[in-house]
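> With the first letter of the sequence shown counted as 1, position 333 gets the number 360 in our numbering; the numbers rise by one all the way through. All C-beta atoms, glycine included, are put in the ideal place defined by N, C-alpha and C. Since we're looking at a predicted model, the values are computed, not measured. Handing you a structure now.
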Amino acid sequence: MTGNAIQPDMIPAEAGLKVASHWQAQLQRAWRDPVGLLHHLGHDPGRFGLAAVGTFPFLVTEAFAARMKAGDPDDPLLRQVLPLADEDLETPGFGPDPVGDAASRAAKGVLHKYRGRALLITTAACPIHCRYCFRREFDYASDGLSGTALAEAVDYIAATTDIEEVILSGGDPMMLGNHKLRRLTDALSSIPHYRRLRIHSRMPVTLPARVDGQLIDWMERLDRQVIVVVHANHANEFDEEVSRALSRMRAAGATILNQAVLLAGVNDTVPALARLMETGFEAGALPYYLHLLDRVTGSAHFDVERDRALALIDELRKQLPGYLVPRLVEERAGAPSKLPVI
Ligand SMILES: *Cc1c(COP(=O)(O)O)cnc(C)c1O
Ligand code: SF4
C-alpha cells in the first residue's frame, strides 16, 4: 500500500477539465492525521495509544468519518481506521502474506488462484486505510496494472480459456478514473470466454460520490454481466448517499453484494451482525461473505476465535431469513476456494 491516495493519472483527462472532479476533490480533503480527526470527534487523542505512522498511514474520507459518532471512543467505524499501538505487537501466526497471494501471481498484476476467475490488481491506491487489510503488506511495487502490464494481463486472460470472470481489485479499482476503467474493459471485450465482470470496491461505501454519471454510463454500456461486491462491516456505514449510489448501479444492471470481515470490537455481536445484514439489504446489497480475519501482521487486535465466529453465525441463522445470512469463510494459502468455516 503506498498511502499515496492521489496519483497523477487520476486527474480527469476524459472531461478535458483542469479541475478535479467532485469525488477527486473529496479525496484530496480526506483525513490524513488521526489526531485531527480525534479532536474533531471530541476526543483526547492521548487516551488512545496511537501507533507511529509506518508504511500504511492513516487515511479516511470525510464521508466515512461523518458517520462516526462524536464522543464515542469505541465507535465501530473509528476502530476500523485508527492505527493503535497494538499494531506493533508481534503475534505468532500473523505474517505479511497470510493468504498466499504471492504464489498465485500468474502475470504482472494478475492473481489466478481459483478456477474460472482471475483477479486483477488494478491499483495500489485506496480512499481509506482499513487497519485489518490483508493487503496492507502487499508488494504493489512489483505488481499493479500500469502501462504494458495491462496488455500482458489481457494477453494472459485471452490465452487462459477457463477464465470466465474477471475481478477488478486492488487497492480499490474505483480509484481508477472512468477513462481508465473503460480502457480496461474495452481491452477485455474481444475475449470470447470472458463472460462476467466483477468489481471489488469499498468506494461506494467510503466515497459514494465516486459513483458518478460517467461511471454509471460505463457500467450501463458493458456488454457483460456486472457484479459489484462492496465492503461494509457495520450498519452505520450505510447512509442515504450510499443507498443512492447502490441504487444507481443496480439501475445500470449490476448485481450488488456485500462482503464483510468479522472484526473484534466492530461487529462481533449477534445484534451488530444482524443490523449489518438488514441495513445492507435495505440499501440494496445482499450479504455475500463474512470473512474470518486474514492473519496479516499488525491486525491481531481484530481477531475473533473460530468457535466464537461459529456461535455467532449459528445464532444469526436463527434470527434472519436465509438470504440475509452471509457465508462464513476463511482463506488458506493454496486452497482451491475460500473455505467454509464449519
Ligand atoms: C477471493 C478471491 C477470488 C474470488 O473468490 P469467490 O469465491 O469467487 O468470491 C478470486 N481470486 C482471488 C485471488 C481471490 O482472493
Ligand atoms: S480493505 Fe479494501 S479499502 Fe480497505 S485498505 Fe484494504 S483494499 Fe483498501
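Quick one: is residue 232 buried, meaning 16 or more other Cβ sit within 10 Å of its Cβ, or exposed?
Buried, because 16 or more other Cβ atoms sit within 10 Å of the Cβ of residue 232.
> Using a threshold of 7 Å, is the CB atom of residue 101 nearer than that to any non-hydrogen atom of ligand 2?
It does not: the Cβ of residue 101 is nowhere closer than 7 Å to a heavy atom of ligand 2.
> With distance defined between alpha-carbon atoms, name the residue in 156, 284 and 221 nearest to residue 81.
It is 156.
> Between residue 282 and the rest of its own chain, which residues show a CB-CB distance below 6 Å, the 5 nearest in sequence each way excluded?
Excluding positions up to five away in sequence, the list reads 254.
> For residue 354, collect the residues of the same chain with a Cβ closer than 6 Å to its Cβ; drop the 5 residues on either side in sequence, then sort them by chain order.
Around residue 354: 316.
> Answer with buried or exposed for residue 51, where buried requires no fewer than 16 other C-beta atoms within 10 angstroms of its C-beta.
Classification for residue 51: buried.
> By Cβ distance, which residues of its chain are closer than 8 Å to residue 13, with the 5 residues on each side in sequence left out?
This structure cannot speak to residue 13, because the chain is shown only from 28 to 369.
> Who are the Cβ neighbours of residue 275 in its own chain at under 7 Å, not counting the five residues just before and after it?
For residue 275, where only same-chain residues beyond five positions count, the Cβ hits under 7 Å are 238 and 243.
> Considering Cα atoms alone, identify which of 117, 204 and 119 is closest to residue 153.
Comparing Cα-Cα distances from residue 153 to each of 117, 204 and 119, the minimum goes to 204.
> Quick one: what's residue 282 bridged to in DSSP?
In DSSP, residue 282 forms a bridge with 254.
> Taking 6 Å as the limit between beta carbons, can you name the residues of its chain near residue 252, skipping five residues before and five after?
Cβ within range, chain order: 223.
> Near residue 49, which residues of its chain fall below 8 Å by C-beta distance, leaving aside the five closest residues on each side in sequence?
The answer, listed in chain order, is 236 and 239.
> Straight-line CA distance for residue 76 to residue 94?
Approximately 23 Å between the Cα atoms of the pair.
> So which of 327, 272 and 346 has the shortest CA-CA distance to residue 296?
Nearest C-alpha to residue 296: 346.
> Which term fits residue 303, buried or exposed, when burial requires 16 or more other beta carbons within 10 angstroms of its beta carbon?
Buried, since its Cβ has 16 or more Cβ neighbours within 10 Å.
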